[in-house]
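For what it's worth, full-length UniProt numbering labels the leading residue of the sequence shown as 1, then goes sequentially.
The next block holds one structure in the form of structure tokens; read it before the comments.
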Amino acid sequence: MRDLIVSTNDAKYRRVDGRDTYPEGAGADTLDLIDASAYPPRIVASVGISTTIAGPPQAVALSPDGRYAVVSAPNRYDRERGASVFENYLQLVDLQGTPPRVVDKAATSHHPQGVAFHPQANLLAAATAGGTVESFAIEEGRLIRKHELTVSKGRLAGIAFTPDGKAALAALRDEQGVAVLEFAGGRLQATPERVSAGVAPYAIDVCASGWAVVGNVGLAGLPGQAAQLAGDADTLTLIDLNQRPFRAVQHLSVPSLPEGVAISPDGRWIAALCMDGSNLAPGNPARREQGRVALFALRDGRAHPAGELPAGAGGQGIVFTADSRHLLAQFNVDSMLAVYTVADGALADTGHRIPTTGGPVSIRAVPGRRS
Numbered sequence: 001m002r003d004l005i006v007s008t009n010d011a012k013y014r015r016v017d018g019r020d021t022y023p024e025g026a027g028a029d030t031l032d033l034i035d036a037s038a039y040p041p042r043i044v045a046s047v048g049i050s051t052t053i054a055g056p057p058q059a060v061a062l063s064p065d066g067r068y069a070v071v072s073a074p075n076r077y078d079r080e081r082g083a084s085v086f087e088n089y090l091q092l093v094d095l096q097g098t099p100p101r102v103v104d105k106a107a108t109s110h111h112p113q114g115v116a117f118h119p120q121a122n123l124l125a126a127a128t129a130g131g132t133v134e135s136f137a138i139e140e141g142r143l144i145r146k147h148e149l150t151v152s153k154g155r156l157a158g159i160a161f162t163p164d165g166k167a168a169l170a171a172l173r174d175e176q177g178v179a180v181l182e183f184a185g186g187r188l189q190a191t192p193e194r195v196s197a198g199v200a201p202y203a204i205d206v207c208a209s210g211w212a213v214v215g216n217v218g219l220a221g222l223p224g225q226a227a228q229l230a231g232d233a234d235t236l237t238l239i240d241l242n243q244r245p246f247r248a249v250q251h252l253s254v255p256s257l258p259e260g261v262a263i264s265p266d267g268r269w270i271a272a273l274c275m276d277g278s279n280l281a282p283g284n285p286a287r288r289e290q291g292r293v294a295l296f297a298l299r300d301g302r303a304h305p306a307g308e309l310p311a312g313a314g315g316q317g318i319v320f321t322a323d324s325r326h327l328l329a330q331f332n333v334d335s336m337l338a339v340y341t342v343a344d345g346a347l348a349d350t351g352h353r354i355p356t357t358g359g360p361v362s363i364r365a366v367p368g369r370r371s
């Protein structure tokens with residue numbers, strides 16, 4: 001199978017000097033299909049979709065066979081009201097169509113956020129801003145609604161299945177921590193298990209060797225906190241999935257707002273793409289022109305700092321290629337993907353950039369990949 005990655009772009013939104021703007025005449029939001037089988041990775045198709053920057057950078061998912069993508073977090077900008085309108089549906093993209101295109105839309109009860117495919121079963125889970133996890137199957141090119149499970153009274157953010165498919169992790173963005181859901185009888189079920197995390201857990205990634213990492217975006221991820229933003233350091237949480245109950249084994253300090261988190265398919269590396277003040281207005285003393293990419297080496301059940309480099313402004317998602325040698329990082333303000341490499345245990349910027357039509361906001365690879 002080719003090493004396929006999907007990346008979405010919010011074209012209607014622009015962050016200008018830390019302010020949210022919606023310029024007139026902006027193009028359509030898009031999904032880019034990226035082939036990373038050979039270096040350098042390249043965009044091989046683009047599809048018009050609807051998405052938003054207001055959500056975890058895992059609001060897109062790629063099916064295990066690489067045929068379909070599901071795009072979450074749809075919104076539109078109402079210019080008369082001067083407000084974003086968050087909508088309640090998922091979009092199914094047939095990546096093998098000629099050309100690739102959206103073939104179905106399925107309603108959700110609440111605004112969907114992170115989405116994830118089960119690594120073996122024909123099931124997609126969508127975590128919502130209404131605190132539910134809603135499940136869908138793909139049948140004859142359509143998204144068929146299966147179940148809805150209430151998990152939280154607050155918003156959920158990222159969601160990911162464990163490598164064996166027996167459980168899923170859902171980030172409790174407002175209530176804090178990570179909820180553990182059981183997958184049995186073809187459906188997700190609630191459990192009393194909770195795993196500790198930092199403030200406002202957001203994106204979640206897992207690897208086949210039984211580890212999960214959570215990006216905790218701090219006060220910026222909670223409602224009503226905009227006036228308090230000052231570029232505080234935030235955290236990642238490392239979770240051991242190798243035995244039940246799952247447990248957090250380490251909290252790692254990183255620059256502010258680690259929007260994107262990823263574990264390499266070979267289980268050796270953890271990466272975080274952090275805004276580090278590049279989202280703040282120029283008058284804020286914590287304002288920086290660039291974000292940061294942080295790399296950690298995962299060995300003997302612990303994560304160890306392995307390098308940190310400048311990144312673009314307003315960074316969003318990050319993902320490893322299947323060979324665990326390269327990273328694709330979304331630079332939202334710069335409207336591009338940047339390619340980093342892990343060579344001889346060190347992080348390096350290749351200098352290769354992939355322009356995008358709009359600011360990239362979510363990115364995902366095929367679930368369950370192994371190097």
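Positions of the beta carbon are idealized from the N, C-alpha and C atoms, including for glycine.
Tell me whether L123 sits in a helix, a strand or coil according to DSSP, three-state version.
For the purposes of this step, residue 123 is taken as residue 123 along the sequence shown, with counting starting at 1. In the structure shown, L123 falls within a coil segment according to DSSP collapsed to helix, strand and coil.
What does the alpha-carbon distance come out to for the pair A107 and N75?
For the purposes of this step, residue 107 is taken as the residue at position 107 of the sequence shown. For the purposes of this step, residue 75 is taken as the residue at position 75 of the sequence shown. Counting only the Cα atoms, N75 lies some 13 angstroms from A107.
Taking G260 as part of the beta strand (DSSP E), name the residues at either end of that continuous run.
Along the sequence shown, read from residue 1 onward, the residue named residue 260 stands at position 260. First-last of the beta strand (DSSP E) with G260: 258-263.
Using the Cβ count rule (16 or more neighbours within 10 Å means buried), how would you classify G27?
Taking the first residue of the sequence shown as position 1, residue 27 is located at position 27. Exposed, because fewer than 16 other Cβ atoms sit within 10 Å of the Cβ of G27.
Tell me whether the beta-carbon of L149 lies closer than 8 angstroms to the beta-carbon of T132.
In the sequence shown, residue 149 corresponds to position 149, counting from 1. In the sequence shown, residue 132 corresponds to position 132, counting from 1. In this structure, T132 lies closer than 8 angstroms to L149 by Cβ.
CB Q96 to CB R67, shorter than 8 angstroms?
The residue labelled residue 96 in the question sits at position 96 within the sequence shown. The residue labelled residue 67 in the question sits at position 67 within the sequence shown. Contact: yes.
CA-CA distance, A168 and D29?
Within the sequence shown, residue 168 is the residue found at index 168, counting from 1. Within the sequence shown, residue 29 is the residue found at index 29, counting from 1. Per the coordinates, the alpha-carbon of A168 lies some 29 angstroms from the alpha-carbon of D29.
Taking only the alpha-carbon atoms, compute the straight-line gap between M336 and R353 and give it to the nearest angstrom.
The count along the sequence shown starts at 1 and reaches residue 336 at position 336. The count along the sequence shown starts at 1 and reaches residue 353 at position 353. Each residue's Cα considered, the two are about 6 angstroms apart.
Sort out for me which residues DSSP pairs G66 with in a bridge.
Stepping through the sequence shown from its first residue, residue 66 is reached at position 66. DSSP output for G66 lists no bridge partner at all.
Whole angstroms are fine: how far does the CA of Y77 sit from the CA of V85?
By 1-based counting over the sequence shown, the position of residue 85 is 85. By 1-based counting over the sequence shown, the position of residue 77 is 77. In this structure, the straight-line span from the alpha carbon of V85 to that of Y77 is close to 6 angstroms.
Taking S152 as the reference, which of T162, I363, G130 has the closest Cα?
Here residue 152 refers to the residue found at position 152 of the sequence shown. Of the candidates T162, I363, G130, the one whose C-alpha sits nearest the C-alpha of S152 is G130.
With a 10 Å radius around its C-beta and 16 neighbouring C-beta atoms as the bar for buried, classify Q113 as buried or exposed.
Stepping through the sequence shown from its first residue, residue 113 is reached at position 113. Buried is the call here.
Starting from the Cα of V249, find the closest Cα among G198, Q316, V195, L238 and give me that residue.
In the sequence shown, counting from the first residue as 1, residue 249 sits at position 249. It is L238 whose Cα lies nearest to the Cα of V249.
Using CA coordinates, which residue listed in H304, G314, W211 is at the minimum distance from G231?
The residue you call residue 231 lines up with position 231 of the sequence shown. Of the listed residues, the one whose Cα sits closest to G231 is G314.
What is the rounded straight-line gap between the Cα of P255 and the Cα of E308?
Numbered from its first residue, the sequence shown carries residue 255 at position 255. Numbered from its first residue, the sequence shown carries residue 308 at position 308. Roughly 10 angstroms separates the two Cα atoms.
Would you decide whether D334 is buried or exposed? Buried here means 16 or more other CB atoms lie within 10 Å of its CB.
Looking up residue 334 in the sequence shown gives position 334. D334 should be labelled buried.
Counting only runs of 4+ residues fully inside the stretch 334-371, write out the alpha helix (DSSP H) ranges in chain order.
none
Given that a residue counts as buried once 16 or more other Cβ atoms are within 10 Å of its Cβ, and exposed if not, what is E259?
Here the question's residue 259 lines up with position 259 in the sequence shown. E259 comes out buried.
DSSP state of G224, grouped into three classes?
If you number the sequence shown from 1, residue 224 lands on position 224. Of the three classes helix, strand and coil, the one that applies to G224 here is coil, per DSSP.
Please classify P40 as buried or exposed, where buried requires at least 16 neighbouring CB atoms within 10 angstroms.
The residue given as residue 40 occupies position 40 in the sequence shown. Exposed, because fewer than 16 other Cβ atoms sit within 10 Å of the Cβ of P40.
For the pair the stretch 168-177 and the stretch 191-204, tell me if three or more CB-CB distances fall below 8 angstroms.
yes
Tell me, to the nearest whole angstrom, how far the beta carbon of V319 is from that of A365; I am working on the premise that it is less than 8 angstroms.
One-based indexing of the sequence shown puts residue 319 at position 319. One-based indexing of the sequence shown puts residue 365 at position 365. At roughly 5 angstroms, the Cβ-Cβ gap stays under 8 angstroms, so V319 and A365 are in contact.
Helix, strand or coil: which one does DSSP assign to L219?
To locate residue 219, count along the sequence shown from 1; it is residue 219. Three-state DSSP puts L219 in a helix.
Name the one or two DSSP bridge partners that H147 has.
By one-based count along the sequence shown, residue 147 stands at place 147. Listed as beta-bridge partners of H147 by DSSP are S135.
Could you check whether the stretch 137-149 touches the stretch 159-166, counting it as contact only if at least three pairs of C-beta atoms, one from each stretch, sit closer than 8 angstroms?
no
For N216, count neighbouring C-beta atoms within 10 Å of its own C-beta (all shown protein chains included) and say buried if the count is 16 or more, exposed if not.
Within the sequence shown, the letter at position 216 stands for residue 216. Buried is the call here.
Just to confirm before moving on: does the CB-CB distance between T191 and L241 stay below 8 angstroms?
Walking along the sequence shown from the start, residue 191 turns up at place 191. Walking along the sequence shown from the start, residue 241 turns up at place 241. Not a contact, by the Cβ cut-off of 8 angstroms.
Check each candidate in P360, I263, I138 and name the one with the smallest Cα separation from residue 372.
Since the first residue of the chain shown is 1 and the last is 371, residue 372 is not available in this structure.
Tell whether a beta-carbon distance below 8 angstroms holds between L31 and V70.
Locating residue 31 in the sequence shown gives position 31, counting from the first residue. Locating residue 70 in the sequence shown gives position 70, counting from the first residue. No, they are not a contact pair.
Excluding the 5 residues preceding and the 5 following V44 in the sequence, name in chain order all residues of the same chain whose CB lies nearer than 8 angstroms to its CB.
Here residue 44 refers to the residue found at position 44 of the sequence shown. Short of 8 angstroms from the beta carbon of V44, and not among the five residues preceding or following it, lie these beta carbons of its own chain, in chain order: L33, I34, D35.
Please state whether the Cβ-Cβ distance between A126 and S72 is less than 8 angstroms.
If you number the sequence shown from 1, residue 126 lands on position 126. If you number the sequence shown from 1, residue 72 lands on position 72. Yes.
For K166, which three-state DSSP category applies?
Mapped onto the sequence shown, residue 166 falls at position 166. Note: K166 maps to coil in three-state DSSP.
Within 10 Å of its beta-carbon, does T21 have 16 or more other beta-carbons around it, so buried, or fewer, so exposed?
Counting from 1 along the sequence shown, the entry for residue 21 is found at position 21. Exposed: under 16 other Cβ atoms inside 10 Å.
Contact check, G368 vs A297 under 8 angstroms by CB: the rounded distance?
Reading the sequence shown from its first residue, position 368 is the one you call residue 368. Reading the sequence shown from its first residue, position 297 is the one you call residue 297. About 22 angstroms separates the CB atoms of G368 and A297; that is not less than 8 angstroms, and the two are not in contact.
For R268, count neighbouring Cβ atoms within 10 angstroms of its own Cβ and tell me buried if that reaches 16, exposed if not.
Mapped onto the sequence shown, residue 268 falls at position 268. Within 10 angstroms of the beta-carbon of R268 lie 16 or more other beta-carbons, which makes it buried.
Can you tell me which residues form a DSSP beta bridge with residue 391?
The question about residue 391 has no answer, for the chain in this structure spans 1 to 371.
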